[in-house]
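Novice: Going line by line, the protein sequences match chains A, B and C.
Numbering-wise, my numbering comes out as the position in the first sequence, counting from 1, plus 148.
Numbering-wise, my numbering comes out as the position in the second sequence, counting from 1, plus 94.
Numbering-wise, my numbering comes out as the position in the third sequence, counting from 1, plus 52.
We put the beta carbon where it would ideally sit given N, CA and C, even for glycine.
Quick caveat, the model's predicted, so the values are computed rather than measured.
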Amino acid sequence: MLVLTLLTFSLSFFFPGEQIINVTGQIDATPEQIALIALDYNKHESLIMQYWSYLVHLFNGDLGVSMASRIPIMDEMMSHLPATIELTTVALIIAMVVGIPIGFIAAIRHRKKTDDIILAVSMIGYSIPIFWLALLAILIFSIQLAWLPSAGQISLVYEIEQVTGILFFDILFSDNPYKWQAFQNASVHILLPACVVALAPATVFVRLARTSMLTVLDSHYIKAAMAKGLTFQQLIFRHAIKNAMVNVIRDVGLQFANLVTLAMVTEVIFNWPGIGNWLIQSIYQRDYTAIQGGLLALSSFIFIVHIFTDFIYASLNPLARGIKYGS
Amino acid sequence: MARDKTYTEEEFPSPLVQLWHNFKQSPAVMIGFGCFIFLVLLAIFSPLISPYSPIENNLDAILLPPAWHNDGDVSYLLGTDNLGRDMLSRLMHGASLTFGLSFIVVILSMFVGVIIGSISALTKGVKSSFLNHFLDVILSIPSLLLAIIIVAILGPGLSNTLWAIVIILIPQFIHITRNAVVQEFKKDYVLASKLDGASNIRILYYSIYPNIIEKMISQATLAQSAAILDIATLGFLGLGAPIPMPEWGAMLANGIDLFYIAPWTVYLPGLAILFAVVATNLVGEGMRHALKVRKEH
Amino acid sequence: MTVTSASQYFRILVTLSAMFLWGCDSYKADSLSERSLIYCSEGSPEILNPQLVTSGVTVDATSKQLYNQLIAFDVATNEVTPSIAKSWHVTQDNKKITFYLRRNVAFHHTQYFMPTRHLNADDVLFSFNRILDPSQVFHDVSGGKYPFFDSVGFADVIESLEKINEYTIRFNLKRADSSFLANLATDFSVILSREYAELLIRSNRLEDIDTLPIGTGPYKFKEYRTGSYIRYEPHTEYWEGQPKLQQLIFDITPSNTGRLTKLLAGECDVIGYPIAHKKINNNPLLTLEDVTAFNIGYLGFNTAKPPFNNKLIRRAVAHAINKQAILDTVYFGDAKAESANSILPPSSWAYAEDTHDIEYSVEQAELLLTQAGITDGLTIDLWAMPVQRAYNPDAVTMAKLIQADLQKIGITVNIISYNWQEFLRRLALGEHQSVLLGWSADHPDPDNFFTPLLSCGSAETGNNRTFWCNQQFEKLLQGALKITDVEQRKALYREAQKIAAEELPLFPIAHSKRFQARKISVKGDILHPFGGISFGGVEKQ
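1) What does a CB cutoff of less than 6 Å around L159/A pick up in its chain, not counting 5 residues either side in sequence?
2) Is it the case that the Cβ atoms of Q117/C and G269/C are separated by a distance below 9 Å?
3) Could you tell me whether any Cβ in chain C is nearer than 9 Å to the Cβ of N419/A?
4) Say whether the segment 316-326 of chain C touches the segment 449-465 of chain C, bearing in mind that this needs 3 or more beta-carbon pairs closer than 8 Å, one atom from each stretch.
5) Count the other CB atoms, across all protein chains shown, that sit within 10 Å of the CB of Q523/C; report buried if there are 16 or more and exposed otherwise.
6) Using the three-state DSSP reduction, which class does Y202/A fall into: helix, strand or coil?
7) Between the Cα of A158/C and those of I149/C, W291/C and A532/C, spot the shortest distance and give me the residue it belongs to.
8) Have a look at A294/A and A330/A and give me their C-alpha separation to the nearest angstrom.
9) With respect to the beta strand (DSSP E) encompassing R566/C, which residues constitute its N-terminal and C-terminal limits?
10) Under 9 Å, Cβ to Cβ, is there at least one residue of chain C near I355/B?
11) For S313/C versus I278/A, is the C-beta distance shorter than 9 Å?
12) Check whether the Cβ of L248/B lies closer than 9 Å to any Cβ atom in chain C.
13) For P341/A, does the three-state DSSP call read helix, strand or coil?
14) To be precise: take each residue of the segment 333-366 of chain B, compare its Cβ to all Cβ atoms of chain C, and keep it if any distance is under 7 Å. Which residues remain?
15) Are the segment 347-365 of chain A and the segment 240-252 of chain A touching, with three or more C-beta to C-beta distances below 8 Å?
16) Exposed or buried, F317/A, counting other C-beta atoms within 10 Å across all chains shown (16 or more means buried)?
17) Taking 9 Å as the threshold (beta carbon to beta carbon), is F330/B in contact with chain A?
18) Nearest-angstrom Cα distance between L184/C and D499/C?
19) Note down, in chain order, every chain B residue with its Cβ under 7 Å from the Cβ of I439/A.
20) When burial is assigned at 16 or more other CB atoms within 10 Å of the CB, is A268/A buried or exposed?
21) Taking one C-beta from the segment 170-185 of chain B and one from the segment 115-131 of chain B each time, how about it: are there three or more such pairs within less than 8 Å?
22) Quick one: residues in its chain with C-beta nearer than 6 Å to the C-beta of L225/B, no 5 flanking neighbours on either side, listed in chain order?
23) Rounding to the nearest angstrom, what Cα-Cα distance links I304/C and V109/C in this structure?
24) I need the DSSP call for D433/C, collapsed to helix, strand or coil.
25) Along the chain, where does the beta strand (DSSP E) containing T133/C start, and where does it finish?
26) Does any CB atom of chain B fall closer than 9 Å to the CB of Q298/C?
27) Assuming K363/C and E555/C form a contact by the criterion Cβ under 8 Å, report the distance between their Cβ atoms to the nearest whole angstrom.
28) Comparing alpha-carbon positions, which option in W435/C, G490/C and E250/C lies nearest N468/C?
29) Of all the options K542/C, D126/C, A493/C and A569/C, which has the alpha carbon lying nearest to the alpha carbon of S203/C?
30) Indicate the three-state DSSP secondary structure (helix, strand or coil) for I243/C in the structure shown.
31) When we look at the beta-carbon of W472/C and count the other beta-carbons within 10 Å, is it buried (16 or more) or exposed?
32) Can you give me the C-alpha to C-alpha distance between V408/A and L285/B, rounded to a whole angstrom?
33) Would N294/B count as contacting chain C if we go by Cβ distances under 9 Å?
34) From the DSSP output, read off the bridge partner residues of V343/C.
35) For Y326/A, which of helix, strand or coil comes out of DSSP?
36) If the cut-off is 7 Å on Cβ atoms, which residues from the segment 374-404 of chain C count as contacting chain B, listed in chain order?
Next up, the structure:
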């Protein structure tokens, strides 16, 4: 985490223009104001002191103001990050719910036709460029079939006040008379982008689940259980799935970084008001303050999910815990 | 006069040759490999064989659909775009940009990565552990995000995109080289040559590299498929190749405005990217499979 | 056995997704969305007060939605008709104009302002004094620039503004100005609330006057999020009668394809600047409409800096551009746009028929370049505007065509584009070398083309993007304003067009129509020949 802040801090030097302006985003400030800000950021002292005051500002939630919109970066992020969390979470769930069972099926039918087909399809799913997929999805599901909307988080007709930032919660907590209509509308809106984001990770989950299941099926305790006369179904559902799942969970964290990248591109195409969309707009506008903030936010988000999945894994798998704490 | 062999020597094929033996077992992989070779050739020779110029406008033939369509024209096999440029020629040139450049990018970053990785494998202590942690951070940031940031620093443009992708691929290679080298160093044959008095560099060059090269190649295919997608994505987002260049991602972005008038300007570049990535992945898949088979024997 | 469990699993999945789709069906029958109208617009307004800008995006979003003017243009005849002023009187010498105001014009009642009185002469006085009087508190708020009024020399024309009584107001002019009434009827001359301004002074939030607007228009402002949407509510006490919609939303969608997608997918009711006209015409649920707009799309040269301070290079570039190709490609080639050879469209009465078009000739261009001393090539920046306007539906493609054309005479072109707000800001600072831009007239008077685009006054404000200031040309413009006789004015404008064609500060490309597509369920006039769109009389069936 600290290395990350170091990275973003050094970014402010790499970007074109004045470093102090890049950090704070005060492009219209007069020279006197700049001098004041420079003092605030210990600009006249050593680099280490400058870094330190940068950290202090960071912990106070001060990331400067956006060069383009003049809104504090922190506020911008707070209004965009939840939408990304929502999209990635739903996508992750879809990817797991679809990918893992298919992977298990492939493993159970190892070296049969089903397995081959699943592998081939997952290979294509993994290779498909996300932006192309998104466009095709819009063409098929929004235009041809007219089932799902093509852009945005919810129809603008509904006016939902932002409280938590997570739209679904906001809708449920609001006292809007059209609450349920809004809720349905929001669900329909998230479906298409989430499926698009989910496709590639789902194929990865297929592979992970397949490998993991194969290892489990090959293990001694399964063979022992089989020798005891358990039916195949009992074997799979009672023993194998649980153990195979544990291994898959471990990789969820790693997949998440991938998922966020995909979400960034998808957000642009589906006009999703998330942080990826915002970040890419910031790049178009050369809003360096926003780029630093966005990088920091996205990477911290991924970090937190990493740590979180590690915990889940540890709590599910006594073996891993044993190694970690060296009991 | 040729000397008769005194002893019947058992030929030990080199690791690469062994790999090739296992590699060519699967037909799917061979198809992928064929496609891969085809793309490489296309990337090299596209300027010679493409029928039209990829950037010059031809306003007499705007938005022609592909030849199989009723209004299509056989001389423009895959149709034309809104400036009358032949799609086929653009796609062919795109092969050298998107695919060919990704190839070069991967080789560059592999070269740098292997050197740094080997050095770090041989050093110990604070320096090495700092490098390790630094790499962990870099690897935890999504590669595309990092590429976008680097492009933001350098400014948009094709060459900047390429540098960005080289930089983000290097850590992967450092990581894998380091691990592989450390692993190999523990093996007996390295100890043997050490006892012979070979220097570290000599050991690296003669004993270790031949044994880890296949791992590198397998990682390189992974990196290449990522590189193709990244170049295309950056092009699509308008941060990569500048406007007239027939880079596949940028072509696709250009086609979006014509999506409803001329859908082929969107379908074709997308298919091209898909084709290139699938071919690369098939090769990589076959490589990993062959590696596994060899390890098992 | 495993197969059955797997198929069970999939059955659940299918059921779940079916539930979603069912949900989708019920939302279509939804009553709220039936009474709301979503307009997909092409860009974000920089501010919510048209006095301060000339950009069409802002005018579309504010002028006829939030505000009213003293007088307006009739949709059918283009003549000046009553609006807030129910009638007016002009003296013989054209120097005194008296307006008689309506008495029942209510201001918006919102969460941030509750009006206690109806509109009266004080509000009109306040609105114009903001522009005219540098000592007024609000004059310098939000930048303090009034580009439209500066460009027409508003302050130089008006001697004084006089309040006769509560509902009567008089403009005393220094000299006769034949375009004055038309200027007052444009989208820029909106009436603000003085009572609201006083409230803002008391609470020291002066900027809010342009970001939390209060007007008298058919809709009142609810919420604006830059880059995503603007939300309006109907103004229930609107003097022309309450609007029939329960909600009006501007969904800001800069991408051409994005807007069309939203229209086809039913997420927008009306979209501005549609592409793929055929696709829309083929859809029985959609309709495409157009209006003949007074406009010009041009390539502007920044004459204040090299290389385009050299007339020869400007002319060389103009000769090298294949205009017909641009018309075919960018303007869809369907005769909806006509090639421009003057700034004025041929339908204007002041159009000079004898203006010669600059022919497309690479040799001529090369010759001129050599004369200008350019032998080893040149690299220029070409700025392409990022939004779609009727006069230029796709500036980036146009830029690409020009790039290819200029390559032939050894000029390398870098195409540059920012987001719209940033683009305009940098343009006004003169950072560009050349720019693809255009102008939509705000009223039928020919002066509305010349003065804003090419006068010295607007070169100072940055609205004249060429920064060209020619004394002779300027004199002709001033002269034409002072007289009312059409034939005399015509002669002066003819002369002016000749100078502009010779000096070529900008290269006219096309005059075109403005398009809009909507669902057939949306009724009412939205497009107007001049200025912005209006949703006042629109309803959904």
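Specialist: If we stick to the structure as given:
1) Along the first sequence, one-based indexing puts residue 159/A at 11. Excluding residues within five positions, the ones whose Cβ falls inside 6 Å are Q440.
2) Along the third sequence, one-based indexing puts residue 117/C at 65. Along the third sequence, one-based indexing puts residue 269/C at 217. The beta carbons of Q117/C and G269/C sit closer together than 9 Å.
3) On the first sequence, position 271 is the one that residue 419/A refers to. For N419/A, at least one C-beta of chain C is nearer than 9 Å to its own C-beta.
4) no
5) One-based indexing of the third sequence puts residue 523/C at position 471. Exposed.
6) Reading the first sequence from its first residue, position 54 is the one you call residue 202/A. Helix, per DSSP.
7) Residue mapping note: residue 158/C aligns to position 106 of the third sequence, counting from 1. For the residues I149/C, W291/C and A532/C, the minimum Cα distance to A158/C belongs to W291/C.
8) Residue 294/A sits at position 146 when you count from the first residue of the first sequence. Residue 330/A sits at position 182 when you count from the first residue of the first sequence. One C-alpha to the other measures close to 19 Å.
9) Translated into positions along the third sequence, residue 566/C becomes position 514. Note, R566/C: beta strand (DSSP E), L558 to K571.
10) If you number the second sequence from 1, residue 355/B lands on position 261. Yes - at least one Cβ of chain C is within 9 Å of the one on I355/B.
11) On the third sequence, residue 313/C is found 261 positions in, with the first residue counted as 1. On the first sequence, residue 278/A is found 130 positions in, with the first residue counted as 1. The displayed chain sequence assigns Thr, not Ser, to residue 313/C. No.
12) Position 154 of the second sequence, counted from the start, is the residue given in the question as residue 248/B. Cβ-Cβ to chain C under 9 Å: no for L248/B.
13) On the first sequence, position 193 is the one that residue 341/A refers to. P341/A falls in the helix class under three-state DSSP.
14) Cβ contacts with chain C: I337, P338, I350, D351, F353, Y354 and I355.
15) yes
16) Walking along the first sequence from the start, residue 317/A turns up at place 169. Classification for F317/A: exposed.
17) Position 236 of the second sequence, counting from 1, holds the residue named residue 330/B. By this cut-off, F330/B is an interface position.
18) Translated into the one-based positions of the third sequence, residue 184/C becomes position 132. Translated into the one-based positions of the third sequence, residue 499/C becomes position 447. Between the alpha carbons of L184/C and D499/C lies a distance of about 20 Å.
19) In the first sequence, counting from the first residue as 1, residue 439/A sits at position 291. I243 and A246, listed in chain order.
20) Taking the first sequence and counting its residues from 1, the one referred to as residue 268/A is at position 120. Within a 10 Å sphere around the beta-carbon of A268/A sit fewer than 16 other beta-carbons, which makes this residue exposed.
21) no
22) For the purposes of this step, residue 225/B is identified with residue 131 of the second sequence, where counting begins at 1. Excluding sequence neighbours, L225/B sits near S214.
23) Reading the third sequence from its first residue, position 252 is the one you call residue 304/C. Reading the third sequence from its first residue, position 57 is the one you call residue 109/C. Roughly 10 Å between the two C-alpha positions.
24) Within the third sequence, the letter at position 381 stands for residue 433/C. D433/C falls in the strand class under three-state DSSP.
25) Position 81 of the third sequence, counted from the start, is the residue given in the question as residue 133/C. Counting along the chain, the beta strand (DSSP E) containing T133/C begins and ends at V132 to P134.
26) As a first step, residue 298/C is located in the third sequence; it is residue number 246 there, counting from the start. No, Q298/C lies away from the interface with chain B (no Cβ there is under 9 Å from its Cβ).
27) Translated into the one-based positions of the third sequence, residue 363/C becomes position 311. Translated into the one-based positions of the third sequence, residue 555/C becomes position 503. Contact holds; Cβ gap of about 6 Å.
28) Position 416 of the third sequence, counting from 1, holds the residue named residue 468/C. It is worth fixing the name first, because residue 468/C is Ile in this sequence and not Asn. Of the listed residues, the one whose Cα sits closest to I468/C is W435/C.
29) The residue labelled residue 203/C in the question sits at position 151 within the third sequence. Minimum Cα distance to S203/C is reached at A493/C.
30) Against the third sequence, residue 243/C aligns to sequence position 191. Looking at I243/C - three-state DSSP - the assignment turns out to be coil, as it is neither helix nor strand.
31) Here residue 472/C refers to the residue found at position 420 when the third sequence is read from its first residue. Buried is the call here.
32) Indexing the first sequence from 1 puts residue 408/A at position 260. Indexing the second sequence from 1 puts residue 285/B at position 191. As the crow flies, the alpha-carbon of V408/A is around 45 Å from that of L285/B.
33) Counting from one through the second sequence, the residue named residue 294/B turns up at place 200. N294/B does not count as touching chain C.
34) On the third sequence, residue 343/C is found 291 positions in, with the first residue counted as 1. DSSP output for V343/C lists R566/C as bridge partner(s).
35) The count along the first sequence starts at 1 and reaches residue 326/A at position 178. Reduced to three states, the DSSP call for Y326/A is coil.
36) Going along the segment 374-404 of chain C in chain order, one finds A377, D380 and T381 with a Cβ nearer than 7 Å to chain B.
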